[in-house]
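Notes to accompany the following structure.
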Amino acid sequence: MRTALVTGANQNIGFALVEELAARWEPADLVLLTGRDPDRVADAAARAARNPATRGRVEGRVLDVTDSEAVAKLAAEFTDGIDVVVSNAVTRITPDRHAEQTDEFIAVANGGAHAVLRSFGPVLRPGGRLVIVASSLGTLDHLPAPLHHLFDEVSLDEVEAAVESWRAAVHDGTAARQGWPEWVNLPSKVAQVAAVRAVATERRARDLTNGTLIAAVCPGLVDTPTSRPWFDDFSHALTSAEAARRVLDFVLADPVDPALYGELVRFGRALPWRGKGLRTPSTDPGPHSCGGRNSRSPG
Numbered sequence: 001m002r003t004a005l006v007t008g009a010n011q012n013i014g015f016a017l018v019e020e021l022a023a024r025w026e027p028a029d030l031v032l033l034t035g036r037d038p039d040r041v042a043d044a045a046a047r048a049a050r051n052p053a054t055r056g057r058v059e060g061r062v063l064d065v066t067d068s069e070a071v072a073k074l075a076a077e078f079t080d081g082i083d084v085v086v087s088n089a090v091t092r093i094t095p096d097r098h099a100e101q102t103d104e105f106i107a108v109a110n111g112g113a114h115a116v117l118r119s120f121g122p123v124l125r126p127g128g129r130l131v132i133v134a135s136s137l138g139t140l141d142h143l144p145a146p147l148h149h150l151f152d153e154v155s156l157d158e159v160e161a162a163v164e165s166w167r168a169a170v171h172d173g174t175a176a177r178q179g180w181p182e183w184v185n186l187p188s189k190v191a192q193v194a195a196v197r198a199v200a201t202e203r204r205a206r207d208l209t210n211g212t213l214i215a216a217v218c219p220g221l222v223d224t225p226t227s228r229p230w231f232d233d234f235s236h237a238l239t240s241a242e243a244a245r246r247v248l249d250f251v252l253a254d255p256v257d258p259a260l261y262g263e264l265v266r267f268g269r270a271l272p273w274r275g276k277g278l279r280t281p282s283t284d285p286g287p288h289s290c291g292g293r294n295s296r297s298p299g
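First residue of the sequence shown? That's 1 in full-length UniProt numbering, and the numbers climb one at a time after it.
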């Protein structure tokens with residue numbers, strides 16, 4: 001029996017990931033759909049289970065990824081290990097209240113990703129997959145050069161310290177003077193990818209020996225309520241279902257491509273951490289990245 005867990009799975013990409021995974025897996029396999037609100041979790045799990053394409057089992061579990069103790073407690077239940085973990089949780093932000101929403105955004109997108117990496121990495125089965133849903137905005141060149149040392153070739157502890165330093169600077173009004181971008185998505189996404197790289201660096205030799213994958217993935221521009229406030233042109237955007245299929249094509253690919261291990265992967269290709277275009281040809285890169293010229297801001 002295989003087991004998977006998806007965070008932020010009540011709706012949109014997260015929900016589509018649950019449905020797609022349950023459609024690909026067997027009746028004995030289990031997909032855990034998680035979110036913060038008990039009613040929404042129960043409703044989403046019931047909808048996924050009723051999908052005619054569903055073959056695997058779907059169960060809802062309440063999980064607030066900002067509560068690191070709750071994440072650790074859930075991970076501890078997997079005494080025999082877990083096969084697939086997708087950290088997808090994110091908080092919706094809007095242009096009119098962007099600054100007010102910074103704390104919650106950081107807590108979910110960064111604190112949640114850190115908690116998942118710390119707690120589920122150790123219980124990942126050999127040959128398992130742990131992926132953080134991130135953005136093409138997560139490459140280091142999206143930050144000013146003086147900030148690069150905070151995220152380049154550092155430990156997860158150091159990434160967490162850098163995120164907390166950034167958050168504190170936002171609160172005390174020194175963020176701009178220190179060079180932090182105004183838009184929360186830029187430091188947040190860079191930090192997400194840096195966290196993945198930190199964990200992957202420690203595990204790389206062992207994981208590649210047993211076929212395990214740790215990575216960040218950009219699903220592309222997806223038409224969801226989270227994206228709508230920030231983008232003008234959705235004519236080439238993916239639906240949540242299309243994005244989920246692309247993400248899982250990468251996540252479930254066997255064998256693991258060593259060139260993609262620990263990287264930020266978009267449409268099957270690794271985005272260079274320090275910028276300068278795509279590398280590692282694998283599949284069609286597609287027409288859009290997560291973010292881009294059609295956005296009102298670097299969201």
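Think of the CB as a built atom: it goes at the ideal place given N, C-alpha and C, for glycine as much as any other residue.
Predicted model only: the values in this text are computed from it and were never measured.
Is the beta carbon of residue i less than 9 Å from the beta carbon of residue j?
i, j, result
"valine 18", "alanine 75", "no"
"alanine 72", "alanine 115", "yes"
"valine 196", "isoleucine 106", "no"
"aspartate 83", "arginine 2", "yes"
"arginine 118", "valine 251", "no"
"tryptophan 166", "alanine 175", "yes"
Pull up the CB-CB distance for residue i and residue j, whole angstroms please, since I reckon it's below 8 Å.
i, j, result
"leucine 156", "valine 199", "6 Å"
"valine 170", "threonine 102", "6 Å"
"leucine 264", "cysteine 218", "6 Å"
"glycine 127", "glycine 56", "About 18 Å separates the two Cβ atoms, so there is no contact after all."
"valine 244", "alanine 16", "Correcting the residue type first, residue 244 is alanine in the shown sequence and not valine. Rounded, the Cβ-Cβ distance is 4 Å, consistent with contact."
Between residue i and the rest of its own chain, which residues show a CB-CB distance below 7 Å, the 5 nearest in sequence each way excluded?
i, result
"leucine 150", "Ala162"
"arginine 204", "Tyr261, Gly262"
"proline 144", "Gly179"
"glutamate 26", "Arg55, Gly56"
"alanine 113", "Ser87, Ile132, Gln192, Ala195"
"alanine 134", "Lys189, Gln192, Val193, Ala216, Val217, Cys218, Leu264"
Could you name the residues of the same chain whose beta carbon sits closer than 6 Å to that of residue i, not counting the 5 residues immediately before and after it, in chain order?
i, result
"valine 62", "Pro38, Val41"
"glycine 111", "Thr66"
"asparagine 51", "Glu19"
"isoleucine 93", "Gln101, Phe105"
"alanine 109", "Val90, Ser188"
"glycine 14", "Val6, Gly8, Asn88"
Counting only the same chain and skipping the five closest in sequence on each side, list residues whose C-beta sits under 8 Å from that of residue i.
i, result
"leucine 208", "Val256, Pro258, Tyr261"
"glutamate 59", "Leu30, Val31, Leu32, Leu33, Ala45"
"proline 298", "Residue confidence for proline 298 is low, a pLDDT of 35 falling below 50, so the modelled location carries little weight; the figure read from the coordinates is stated next. So the qualifying residues of the chain are Leu137, His142, Pro181, Trp183, Asn185, Leu186, Gly291."
"threonine 54", "Glu19, Ala22, Ala23, Ala48"
Name, in chain order, the residues that DSSP records as bridge partners for residue i.
i, result
"glycine 35", "Val62"
"isoleucine 82", "Leu124"
"arginine 57", "Leu30"
"alanine 4", "Val31, Val84"
"alanine 215", "Val131"
"arginine 269", "Arg266"
In whole angstroms, what separates the C-alpha of residue i from that of residue j?
i, j, result
"alanine 241", "glycine 220", "12 Å"
"glutamate 153", "glycine 8", "28 Å"
"asparagine 88", "glutamate 69", "18 Å"
"leucine 140", "glycine 81", "33 Å"
"asparagine 12", "arginine 274", "30 Å"
"asparagine 10", "glycine 35", "6 Å"
"alanine 216", "proline 146", "24 Å"
"phenylalanine 190", "aspartate 64", "In the sequence as displayed, the identity of residue 190 is valine instead of phenylalanine. In a straight line, the C-alpha of valine 190 is about 22 Å away from that of aspartate 64."
"valine 90", "serine 188", "11 Å"
"valine 85", "proline 272", "24 Å"
"leucine 278", "alanine 270", "With a pLDDT of 44 at leucine 278, under the threshold of 50, the predicted position of this residue should be treated as unreliable, though the coordinate-derived value follows. If I take the Cα positions, the gap works out to 6 Å."
"threonine 201", "glutamate 77", "26 Å"
"residue 324", "histidine 148", "The chain is shown from 1 up to 299; residue 324 falls before or after that span and cannot be answered."
"glycine 121", "alanine 28", "23 Å"
"arginine 125", "glutamate 164", "31 Å"
"aspartate 43", "alanine 253", "30 Å"
"glycine 173", "threonine 79", "45 Å"
"residue 300", "arginine 246", "Outside the shown range of the chain (1 to 299) lies residue 300, about which nothing can therefore be said."
"glutamate 158", "leucine 213", "22 Å"
Taking 9 Å as the CB-CB limit, is residue i close to chain B?
i, result
"aspartate 157", "Note that chain B does not occur in the displayed structure, where there is just one protein chain."
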